[in-house]
Structure formats: C-alpha cells, structure tokens
Amino acid sequence: MDIFRSFDVSASGMAAQKRRIDTIASNLANINTTRTPEGGPYRRRDVVFETVLIDETEGLEGVRLQDVVEDQRPPRAVYDPGHPDADENGYVLMPNIDLIEEMVNMMLATRAYEANVNAFNITRTLYQKALEIGR
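So the sequence shown is numbered by this note's numbering: it starts at 6 and just counts up by one.
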C-alpha cells in the first residue's frame, strides 16, 4: 500500500467539509436577502457528497463534492409592509433559511473537518514512529 493514500483519504474529507462550511456561510450571509439575479429571495443551498475511489487494491474511498443543490422548500412570507419588496398585502418573501439548522450543520461540518485533521495527524505520527524504528 502506498503510504500516502491514507493522507489522501483524510485530505479529501477536509476538502469536502471545507466546501460544506463555505456553503453554510453563504446561506448565513444571505439569510435576509430578498432579491437575487434570478429573481425572488435567496434559496438555501446544500452540498451533495459522493465517494471516490482512492486506492482500488486496498479499497480506500474518499469523498468529494458532487453538487451544490438549492433547497426546494418555499420561501417564508413575513408581514413587513414598510419593506421595499413587500407585496400589495404587506408580505415579503424571505429566504427559507433556519438559523438554528444552519448553526447545527456548521458545528457538524466543523467536527467532521476536525476528525479528518486528527486522522491525518495520527497517520503522520505513526509513519514518523515507523521511520524512527529504522534508525
């Protein structure tokens, strides 16, 4: 087995979770965005991951971003007659973003990223110890 393959697995996990964190940050930044170039309020986005084969002989699989998809839940109608985007009844369509859901997702992505960093560091330490034995 190539000793660097386990590093590749951890690195793929870190890269995937970084993209997830970036997507969540975009959702949080646009939590009150009522106008987009496509028209209407910002739509929450989520990442879709897929496995990727890193070493066929060892069966090692990593992960990569397959797609970033828009949430299909409808926007929230909020009564705010003074808002420039309010309709004739005083309702504004707001993004379908739940702050608590996004913060939980951010914590999960951060923990997954940290787990991959720890796996990377443990692998590095094991290889360093193996090299010290040969001295």
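Glycine included, C-beta positions come from ideal geometry on N, C-alpha and C.
In this text the structure is predicted, and so the values were computed from the model without any measurement.
Cβ contact annotation for isoleucine 8 (same chain, cutoff 8 Å, sequence separation greater than five): Tyr132, in chain order. Non-local beta-carbon contacts of isoleucine 36 in its own chain, meaning distances under 7 Å to residues more than five positions away in sequence, involve Pro100, Ile102, Leu104 in chain order. With fewer than 16 other Cβ atoms inside 10 Å of its own Cβ, alanine 34 counts as exposed. Contact annotation, isoleucine 29 with alanine 114: C-beta distance approximately 7 Å; criterion of less than 8 Å satisfied. Following the DSSP letters along the chain, one finds phenylalanine 54 in no alpha helix (DSSP H) but inside the beta strand (DSSP E) bounded by residues 50 to 60. Around the Cβ of asparagine 123, a 10 Å sphere holds fewer than 16 other Cβ atoms; the residue is exposed.
Note that the C-beta distance between proline 46 and proline 86 is not below 7 Å. Remark: C-beta atoms of isoleucine 59 and arginine 24 do not approach each other more closely than 7 Å. Excluding sequence positions up to five before and after leucine 70, its CB lies within less than 7 Å of the CB of Ala21, Arg24, Val52, Phe54, all in the same chain and listed in chain order. Nearest C-alpha to methionine 112 among Asp27, Phe12, Ser15: Asp27. When Ala82, Glu107, Asp76 are compared, the shortest CA-CA separation from glycine 95 is found for Ala82. DSSP, reduced to helix, strand and coil, places arginine 24 within a helical segment of the structure shown. CA-CA distance, isoleucine 138 to asparagine 126, rounds to 19 Å.
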